[in-house]
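**Student:** Residue numbers (the numbering used here): 14 to 388.
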Amino acid sequence: MRDFGDYGGRYVPETLIPALDELERAWEEAQADDAFHAELHALATTYVGRPSPLTLIERFAPGKKIYLKREDLNHTGAHKINNAVGQAVLAKRLGKQRIVAETGAGQHGVATATVCARFGFECVVYMGVEDMRRQRPNVERMRLLGAEVRSVDFGTKTLKEATSEAIRDWITNVETTHYLIGSCVGPAPYPELVAELQSVIGREAREQFLAAADALPEAVVACVGGGSNAIGLFRGFVDDVGVRLVGVEAAGAASLASGRVGVLHGARSSILADEDGQVADAHSISAGLDYPGVGPEHAFLRDTGRAEYRTATDEDAIAAFADLARTEGIIPALEPAHALARARDLDAELILVGLSGRGDKDLAEVLDRLDPANA
Ligand SMILES: *Cc1c(COP(=O)(O)O)cnc(C)c1O
Numbered sequence: 014m015r016d017f018g019d020y021g022g023r024y025v026p027e028t029l030i031p032a033l034d035e036l037e038r039a040w041e042e043a044q045a046d047d048a049f050h051a052e053l054h055a056l057a058t059t060y061v062g063r064p065s066p067l068t069l070i071e072r073f074a075p076g077k078k079i080y081l082k083r084e085d086l087n088h089t090g091a092h093k094i095n096n097a098v099g100q101a102v103l104a105k106r107l108g109k110q111r112i113v114a115e116t117g118a119g120q121h122g123v124a125t126a127t128v129c130a131r132f133g134f135e136c137v138v139y140m141g142v143e144d145m146r147r148q149r150p151n152v153e154r155m156r157l158l159g160a161e162v163r164s165v166d167f168g169t170k171t172l173k174e175a176t177s178e179a180i181r182d183w184i185t186n187v188e189t190t191h192y193l194i195g196s197c198v199g200p201a202p203y204p205e206l207v208a209e210l211q212s213v214i215g216r217e218a219r220e221q222f223l224a225a226a227d228a229l230p231e232a233v234v235a236c237v238g239g240g241s242n243a244i245g246l247f248r249g250f251v252d253d254v255g256v257r258l259v260g261v262e263a264a265g266a267a268s269l270a271s272g273r274v275g276v277l278h279g280a281r282s283s284i285l286a287d288e289d290g291q292v293a294d295a296h297s298i299s300a301g302l303d304y305p306g307v308g309p310e311h312a313f314l315r316d317t318g319r320a321e322y323r324t325a326t327d328e329d330a331i332a333a334f335a336d337l338a339r340t341e342g343i344i345p346a347l348e349p350a351h352a353l354a355r356a357r358d359l360d361a362e363l364i365l366v367g368l369s370g371r372g373d374k375d376l377a378e379v380l381d382r383l384d385p386a387n388a
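1) Threshold first: 3 residues or longer. Then list the beta strand (DSSP E) segments lying entirely within the stretch 277–333, N to C.
2) In the DSSP assignment, the alpha helix (DSSP H) including His54 goes from what residue to what residue?
3) Where does Tyr60 sit, in a helix, a strand or coil, going by DSSP?
4) Apply the 10 Å Cβ neighbour rule to Ala32 and answer buried if 16 or more other Cβ atoms are within range, or exposed otherwise.
5) May I ask you to report which of helix, strand or coil DSSP gives Cys197?
6) With ligand 1 as the reference, list in chain order each residue whose Cβ lies under 7 angstroms from any of its heavy atoms.
7) Taking Cβ positions, are Arg248 and Ala361 nearer each other than 8 angstroms?
8) State the beta-bridge partners of Pro345 as determined by DSSP.
9) Where does the unbroken alpha helix (DSSP H) through Asp383 begin, and where does it stop?
10) Going along the chain, which residues of its own chain have a beta-carbon closer than 6 angstroms to the beta-carbon of Gly372, five neighbours each way excluded?
11) Using only alpha-carbon positions, find the residue among Gly290, Arg319, Ala101, Gly318 that is nearest to Gly306.
12) Only counting the same chain, and skipping five residues up and downstream in sequence, which positions put a Cβ closer than 8 angstroms to that of Thr127?
13) Could you check the C-alpha separation between Cys197 and Ile364 for me, to the nearest Å?
14) Would you list, in sequence order, the uninterrupted alpha helix (DSSP H) runs of no fewer than 4 residues that lie entirely inside the stretch 99–168?
15) Whose C-beta lies closer than 8 angstroms to the C-beta of Asn151 among residues of the same chain, with five residues either side of it excluded?
16) Since Gly240 and His311 are thought to touch, with beta carbons under 8 angstroms apart, how far apart are those beta carbons, to the nearest angstrom?
17) Would Gln100 pass as a contact of Thr189 if the rule is Cβ separation under 8 angstroms?
18) Which first and last residues belong to the alpha helix (DSSP H) in which Arg219 is found?
19) Beta-carbon separation of Val292 and Ile331 under 8 angstroms?
20) Which residues bound the beta strand (DSSP E) around Ala235?
21) When the Cα atoms are used, what is the spatial distance from Ala39 to Val138?
22) Would His54 and Gly245 be called neighbours here (beta carbons separated by less than 8 angstroms)?
23) If I follow the unbroken beta strand (DSSP E) through Leu81, where does it start and stop?
24) Could you pull out every residue in the same chain whose Cβ sits closer than 8 angstroms to the Cβ of Glu35, ignoring the five residues on either side in sequence?
25) By DSSP, does Glu71 sit in helix, in strand, or in coil?
26) Indicate the three-state DSSP secondary structure (helix, strand or coil) for Thr189 in the structure shown.
27) Work out the CA separation of Leu277 and Thr340 for me, nearest whole Å.
28) Closest to Ala160 by C-alpha separation, out of Gly62, Asp381, Gly133, would be which residue?
29) Please confirm whether Ala295 and Gly260 have their CB atoms less than 8 angstroms apart.
30) Label His50 either buried or exposed according to how many other C-beta atoms from any shown protein chain fall within 10 Å of its C-beta, with 16 as the threshold for buried.
31) Give me the Cβ distance between Asp253 and Leu229, rounded to the nearest whole Å; I'm assuming they're in contact under 8 angstroms.
32) Looking only at its own chain, which residues have a Cβ that is under 6 angstroms from the Cβ of Ala388, when we skip the five neighbours before and after it?
33) According to DSSP, what are the bridge partners of Ala91?
34) Just the Cα atoms here: how many angstroms apart are Val165 and Lys77?
35) May I ask you to list the residues that DSSP assigns as paired with Leu363?
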């Protein structure tokens with residue numbers, strides 16, 4: 014396992030340690046097994062639709078050359094499927110037949126329900142009732158795909174509580190069940206495992222960028238919720254010391270920009286909390302960024318200075334969302350719209366941006382904000 018300095022670890026009840034050990038062993042064996050990589054590659058190319066293209070955009074930010082890594086074109090419309098497919102193959106190797114997951118915007122829930130249908134696993138997805146309201150079509154999608162969606166009706170009724178419920182379910186059913194976590198958060202080995210499954214984004218993007226631009230980007234920019242699409246992209250460039258790595262958080266959920274060291278969902282990282290360590294509520298128009306924690310690897314990259322982290326407001330994101338649609342014919346998800354907002358005012362010209370997902374799920378939310386008459 015990689016070292017994240019003082020961050021990461023396993024802050025979980027004793028009953029989960031054997032399951033985490035088992036998962037870590039299975040992951041290490043899979044990594045060393047050509048058959049695992051062959052199965053993953055076959056699914057990536059024939060089911061997910063990889064490699065995703067790299068698109069040069071020149072009208073969105075005149076004077077800059079911005080390349081988009083198009084994870085929005087994956088099956089199910091976001092990068093989440095890369096991780097879901099990989100963990101499904103692992104769950105099969107572990108002999109598990111039941112999958113539990115948490116979801117915020119519903120993208121991870123849909124990706125999980127999708128791979129469970131594909132592999133014949135029983136699937137239970139926990140989702141806050143506030144997110145179920147904001148993301149109704151994704152709830153319907155999960156049900157169509159055969160998943161049971163369990164509503165979570167306490168606290169902020171969003172991703173934080175849904176994650177707690179998924180962990181509680183896993184503790185109760187650990188013999189039969191794999192917990193398919195949706196980002197590079199949670200107890201070890203999850204942050205490393207998810208980052209590695211998402212690093213296909215960065216590997217492809219580096220090769221595609223060199224072929225298209227005949228140079229490396231000056232900066233690589235991605236939005237950060239839990240941090241999985243960003244770490245997947247960053248890992249392709251982390252050894253290229255001249256390439257700036259820029260993560261963009263929602264201003265109301267800036268665990269890195271305005272957080273403090275603490276423990277959330279089994280790992281030590283940078284979290285939104287008050288002086289007593291009580292986890293604070295996050296607020297973002299984008300359900301996928303509305304989380305008070307972040308993966309431990311990002312806290313480590315921030316502290317070492319290898320990556321820099323900025324914020325974008327709801328308004329910044331909505332403006333970038335609308336501008337990308339009008340200037341390039343691409344409707345992004347609200348999450349990567351945060352990255353686009355900061356990329357266009359960055360002091361760099363040759364930029365790679367992770368377009369982590371497509372915006373269909375966000376239309377109602379954005380139309381309400383752009384024109385109150387649509388409400
Ligand atoms: C879930 C999601 C995110 C945020 O999750 P990360 O783990 O930070 O990548 C970002 N973009 C999209 C499209 C998402 O669905």
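Quick reminder that beta carbons are idealized off the backbone N, C-alpha and C, glycines included.
**Tutor:** Checking against the coordinates, here is how it stands:
1) 280–284, 320–325
2) Stepping through the sequence shown from its first residue, residue 54 is reached at position 41. His54 -> alpha helix (DSSP H) spans 47–56.
3) The sequence position of residue 60 within the sequence shown is 47, counting from 1. Tyr60 falls in the helix class under three-state DSSP.
4) The residue labelled residue 32 in the question sits at position 19 within the sequence shown. The residue is buried, with at least 16 neighbouring Cβ atoms inside 10 Å.
5) Locating residue 197 in the sequence shown gives position 184, counting from the first residue. It is coil, neither helix nor strand.
6) Ala91, His92, Lys93, Gly117, Ala118, Gln120, His121, Gly195, Ser196, Cys197, Cys236, Val237, Gly238, Gly239, Gly240, Ser241, Asn242, Ala243, Gly301, Leu302, Ala346, Glu348, Pro349, Ser369, Gly370
7) For the purposes of this step, residue 248 is taken as the residue at position 235 of the sequence shown. For the purposes of this step, residue 361 is taken as the residue at position 348 of the sequence shown. Going by C-beta atoms, Arg248 is not nearer than 8 angstroms to Ala361.
8) Here the question's residue 345 lines up with position 332 in the sequence shown. Paired residues: Arg371.
9) Working through the sequence shown from its first residue, we reach residue 383 at position 370. Residue identity check: residue 383 is Leu in the sequence provided, not Asp. Run containing Leu383: 376–383, per the alpha helix (DSSP H) assignment.
10) If you number the sequence shown from 1, residue 372 lands on position 359. Here the set comprises Ile344, Pro345, Ala346.
11) Stepping through the sequence shown from its first residue, residue 306 is reached at position 293. Checked all of Gly290, Arg319, Ala101, Gly318; the closest Cα to Gly306 is Gly290.
12) Against the sequence shown, residue 127 aligns to sequence position 114. Closer than 8 angstroms at the Cβ level, and outside the excluded window around Thr127, lie His88, Thr89, Ile94, Ala97, Leu158.
13) Here residue 197 refers to the residue found at position 184 when the sequence shown is read from its first residue. Here residue 364 refers to the residue found at position 351 when the sequence shown is read from its first residue. If I take the Cα positions, the gap works out to 24 angstroms.
14) 120–132, 142–147, 149–157
15) Translated into the one-based positions of the sequence shown, residue 151 becomes position 138. Contacts found: Thr116, Ala118, Gly119, Gln120, Gly122, Val123, Lys374.
16) As a working mapping, residue 240 is identified with position 227 in the sequence shown. As a working mapping, residue 311 is identified with position 298 in the sequence shown. Yes, they are in contact, since the Cβ atoms of Gly240 and His311 sit about 5 angstroms apart, within 8 angstroms.
17) By one-based count along the sequence shown, residue 100 stands at place 87. By one-based count along the sequence shown, residue 189 stands at place 176. Cβ atoms of Gln100 and Thr189: not closer than 8 angstroms.
18) As a position in the sequence shown, residue 219 is number 206, starting the count at 1. Run containing Arg219: 213–226, per the alpha helix (DSSP H) assignment.
19) As a working mapping, residue 292 is identified with position 279 in the sequence shown. As a working mapping, residue 331 is identified with position 318 in the sequence shown. It is not a contact, given that the beta carbons lie outside the stated cut-off.
20) The sequence position of residue 235 within the sequence shown is 222, counting from 1. Note, Ala235: beta strand (DSSP E), 232–236.
21) Start at 1 with the first residue of the sequence shown, and residue 39 comes out as number 26. Start at 1 with the first residue of the sequence shown, and residue 138 comes out as number 125. Computed Cα separation, rounded: 23 angstroms.
22) Locating residue 54 in the sequence shown gives position 41, where the first residue counts as 1. Locating residue 245 in the sequence shown gives position 232, where the first residue counts as 1. No.
23) Sequence index remark: in the sequence shown, residue 81 carries index 68 (1-based). Per DSSP, Leu81 belongs to the beta strand (DSSP E) from 78–83.
24) Residue numbering aside, residue 35 sits at position 22 when the sequence shown is read from its first letter. If we look at Glu35 and ignore the five residues flanking it on each side, its Cβ neighbours are Leu107.
25) Mapped onto the sequence shown, residue 71 falls at position 58. Correct three-state label for Glu71: coil.
26) One-based indexing of the sequence shown puts residue 189 at position 176. Thr189 falls in the coil class under three-state DSSP.
27) Translated into the one-based positions of the sequence shown, residue 340 becomes position 327. Translated into the one-based positions of the sequence shown, residue 277 becomes position 264. Cα to Cα, the separation comes out at about 40 angstroms.
28) Counting from 1 along the sequence shown, the entry for residue 160 is found at position 147. Measuring from the Cα of Ala160, the nearest candidate turns out to be Gly133.
29) For this step, residue 295 is matched to residue 282 along the sequence shown. For this step, residue 260 is matched to residue 247 along the sequence shown. Going by C-beta atoms, Ala295 is not nearer than 8 angstroms to Gly260.
30) The residue labelled residue 50 in the question sits at position 37 within the sequence shown. Counting Cβ neighbours within 10 Å, His50 comes out exposed, since fewer than 16 surround it.
31) Within the sequence shown, residue 253 is the residue found at index 240, counting from 1. Within the sequence shown, residue 229 is the residue found at index 216, counting from 1. Rounded, the Cβ-Cβ distance is 6 angstroms, consistent with contact.
32) The residue given as residue 388 occupies position 375 in the sequence shown. A caution first: Ala388 carries a pLDDT of 47, below 50, which makes its placement in the model unreliable, though a value can still be read off. Closer than 6 angstroms at the Cβ level, and outside the excluded window around Ala388, lie Asp381.
33) In the sequence shown, counting from the first residue as 1, residue 91 sits at position 78. Paired residue(s): Gly370.
34) Within the sequence shown, the letter at position 152 stands for residue 165. Within the sequence shown, the letter at position 64 stands for residue 77. C-alpha separation (whole angstroms): 44 angstroms.
35) Stepping through the sequence shown from its first residue, residue 363 is reached at position 350. DSSP output for Leu363 lists Lys78 as bridge partner(s).
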